[in-house]
Structures are given as C-alpha cells and as structure tokens.
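With the numbering used here as the guide, the letters of the sequence shown map in order to residues 65 to 345.
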Amino acid sequence: MKFVLAIIGIGAAGTLGYLMEPSLRPLLTKQKNAVPRTASSTMPASDVEPAVEARVPDYDCTKLLPEQLPAKITLKSEANATAPGETDTVPLPAGTKVKPLRIEGFEVVFSVLGTAQGKIDVRQTDLIEQLVANPPAPVVTEPAPQPEPAPVVATKPEPEPEPQVEPEPEPMAEPEPEPEPAVATAAEPTAPAATQLGPEEIIALMKSSISSKQITEFSLDQVNDWKAGEEESIDGSSYQTGTASYQAETIFGTKNIQAKALIQGGKVVRWIWPTSGLEIQ
C-alpha cells in the first residue's frame, strides 16, 4: 500500500513541477527575460550618396600667350603688388579684379593701379574657370617663306678666239678747247622740316587714338583733362607728347591716373606711363 502511495506522490510532484516551471524559472536561475529586439542589426544602408565637392577643372595654361588671356581676372586669395622703383607692397584682398599680363610656369603675373605688378598661383584666381567657359582662340603663326631655288644656268661653250687684226693708225686729234670756268650756282634750299603740331591738333590725335581702341586700359568717357606736352627725345627718337588724365576705380577708391601719348609723323605711336615709362596695352 505504501509503495502505491509513493508512486502516486512522485507522479503528482512531477506534474505540478511541469506546470509551474515557467513561472518559477526566473526565481530559480536569477535571470531576467530577454528584451526582444525591435530592429534588425542587418538594416540596409541608406541610399543617399555623400555629396562630392566640386573640383576645379584642369586646364594647361602654361603655353598661353599674353594676347590669349582675358581682360580681367578675380583673386581668390590675398596677394601683393609692387610698383616699379618702390619698396612698399600694396596688399590686395580676395575678390580684387586685376589685369593678367603673362603666364610664368604655374603663376600668373598681373598688373593693378596702372604700374603696380604682382604674381600669384593660377589656382588662386578664376583664370581657369574663364578659360574653360570661353576658350581662347589659337594664335595663327604664318610659316616662314621658303627660299626659291636658284635657277640653273646652262653654260655655253666658249667661242674660239678670232684672229687679231692690226689696227690702223688713228688720225691726229685736234686739241680740245679749254673749258670755261664753272660758275658757282647757289645751293638749292633744303626741304623744310616736318611741321610741328599745335596743342589742339595733339589733343585731337589723342582722342582719335583712344576712340579707335589703340589701348584698352581706359576709355574716352573716363578722361577728364587733356594737355599738350613738350617735345621729348626717347631712345634716340624725337616725339611730341600729350597727357590724358582719367579716373579709375581702385581698391583705395576713385583715383586720378595720367597716361602719356608719344606722337611722331602726325599720329600717336604709343602710350606710356609717365612715371615708369612702361608701354600701356
């Protein structure tokens, strides 16, 4: 009888343990229920691509000639310029417009305020952007003329010598009369020298030169004063001169700048800066 009761007790205990095991497991093992994950660790990456910074286009400007450069370029960083004969430099902030003169390696030489010049890396200006947007026209160089071949001259055989004939004696020549003494003639007057131009003619020539775009540094409507100058000798040549004063916008405000015209043969030969003597383009 006891054996039967023991088997019944063991079965009841097993059934009770099976039914209560889920609720008693945390108390027995001292573990908390795992928190279900709300998001998968293998989420797909975003389809948005990172922004790519714009790069400056490549352009080989080392072989450009001065006439292929634009009229003005803008500085992207600070630069310095120095006038001929001066030791102090003029600081130029970014955004200043300057005139490019030529390319030296990977740097551009520029001018500003008339005679002041400076140098800056090409990439620190908008020169490449302007050349990409408006490519310069190629410079056409005419080939050197080829010398014409010398014509081939056919040599003729030398003629046989003719037999010598003894000349007959010449008759006695009569004595020539003595020439009469030459009368000195008055020397013909030399041609008069070229007529010098008056002040009004000099000013008219300067206005015509600027109107015809002989130079592009300034225009006719910028000039506020005209003056006829004295005759000067430059590099062994004599020129009549005239001065045009014009206003230009600079980083220091509106300035009055002078340009000198060299006149020869009734026309303006070239324009120069009065201080440095450099030619104005």
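We put the beta carbon where it would ideally sit given N, CA and C, even for glycine.
Same chain, Cβ closer than 8 Å to residue i, neighbours up to 5 away in sequence not counted
| i | result |
| --- | --- |
| Glu-295 | Gln-260, Ser-302, Tyr-303, Gln-304 and Thr-305 |
| Asn-320 | Asn-288, Ser-309, Tyr-310 and Gln-311 |
| Thr-126 | Ile-167, Gly-169 and Phe-170 |
| Ser-297 | Tyr-303 |
| Leu-191 | Cys-125, Leu-133, Pro-134, Ile-137, Pro-164 and Val-172 |
| Gln-188 | Leu-139, Lys-140, Ser-141 and Ala-143 |
| Pro-157 | Leu-139, Glu-142 and Ile-315 |
Contact under 7 Å by Cβ, residue i with residue j
| i | j | result |
| --- | --- | --- |
| Leu-284 | Ser-275 | yes |
| Arg-166 | Pro-130 | yes |
| Ser-175 | Lys-163 | yes |
| Leu-177 | Thr-314 | yes |
| Thr-179 | Ala-135 | no |
Residue i - DSSP class collapsed to helix/strand/coil
| i | result |
| --- | --- |
| Lys-291 | strand |
| Glu-193 | helix |
| Ser-273 | helix |
| Pro-199 | coil |
| Gly-169 | coil |
| Ala-268 | helix |
| Phe-316 | coil |
| Ala-76 | helix |
| Glu-296 | strand |
| Ile-346 | Outside the displayed range of the chain (65 to 345) lies residue 346, so it cannot be described from this structure. |
| Ala-147 | coil |
| Ala-158 | coil |
| Leu-69 | helix |
| Gln-311 | strand |
| Pro-164 | strand |
| Gln-322 | strand |
| Val-333 | strand |
| Asp-152 | coil |
| Gln-304 | strand |
| Gln-228 | coil |
| Leu-139 | strand |
| Leu-83 | helix |
| Pro-209 | coil |
| Gln-260 | coil |
Beta-carbon contacts of residue i that lie in its chain and below 7 Å, excluding the five residues immediately before and after
| i | result |
| --- | --- |
| Asp-185 | Phe-170 and Glu-171 |
| Pro-155 | Glu-142 and Asn-144 |
| Pro-213 | none |
| Tyr-82 | none |
| Gln-210 | none |
| Val-173 | Leu-165, Arg-166, Gln-181 and Lys-183 |
| Gln-345 | Ile-279, Thr-280 and Glu-281 |
| Pro-202 | none |
| Ala-76 | none |
| Ala-70 | none |
Member of the options whose CA lies at the smallest distance from the CA of residue i
| i | options | result |
| --- | --- | --- |
| Glu-343 | Ala-323, Lys-331, Gly-329 and Thr-314 | Ala-323 |
| Trp-290 | Gln-278, Thr-146, Gly-300 and Ser-309 | Ser-309 |
| Thr-138 | Ile-192, Ala-147 and Gly-159 | Gly-159 |
| Lys-140 | Gln-286, Gly-75 and Lys-183 | Lys-183 |
| Phe-282 | Pro-263, Gly-293, Trp-337 and Glu-264 | Trp-337 |
| Glu-193 | Leu-69, Asp-152 and Leu-133 | Leu-133 |
| Gly-293 | Gly-262, Phe-67, Gly-317 and Pro-157 | Gly-262 |
| Asp-299 | Ala-70, Gly-341, Pro-223 and Leu-128 | Gly-341 |
| Gln-286 | Glu-265, Glu-264 and Thr-318 | Thr-318 |
Beta-carbon proximity list for residue i, same chain, < 6 Å, skipping 5 on both sides
| i | result |
| --- | --- |
| Ala-27 | A question about residue 27 goes unanswered here, because the residues of the chain that appear run from 65 up to 345. |
| Gln-328 | Tyr-303 |
| Thr-102 | Legend: pLDDT at Thr-102 = 47, less than 50; position of this residue unreliable, no value from coordinates given. |
| Thr-153 | Asn-144 and Thr-146 |
| Leu-348 | Here the chain comprises residues numbered 65 to 345, so residue 348 is not present and cannot be evaluated. |
Any C-beta of chain D under 7 Å from that of residue i
| i | result |
| --- | --- |
| Thr-280 | The structure shown contains no chain D; it is built from a single protein chain. |
Opposing strand residues paired with residue i [DSSP bridges]
| i | result |
| --- | --- |
| Ile-279 | Ile-279 is not bridged to any residue. |
| Thr-339 | In DSSP, Thr-339 forms no bridge with anything. |
| Asp-124 | Bridge partners of Asp-124: none, in fact. |
| Gln-345 | Answer is none; Gln-345 lacks a bridge partner. |
| Asp-285 | Answer is none; Asp-285 lacks a bridge partner. |
| Gln-188 | According to DSSP, which records beta bridges pairwise, Gln-188 is partnered with nothing at all. |
| Ser-175 | Lys-163 and Gln-181 |
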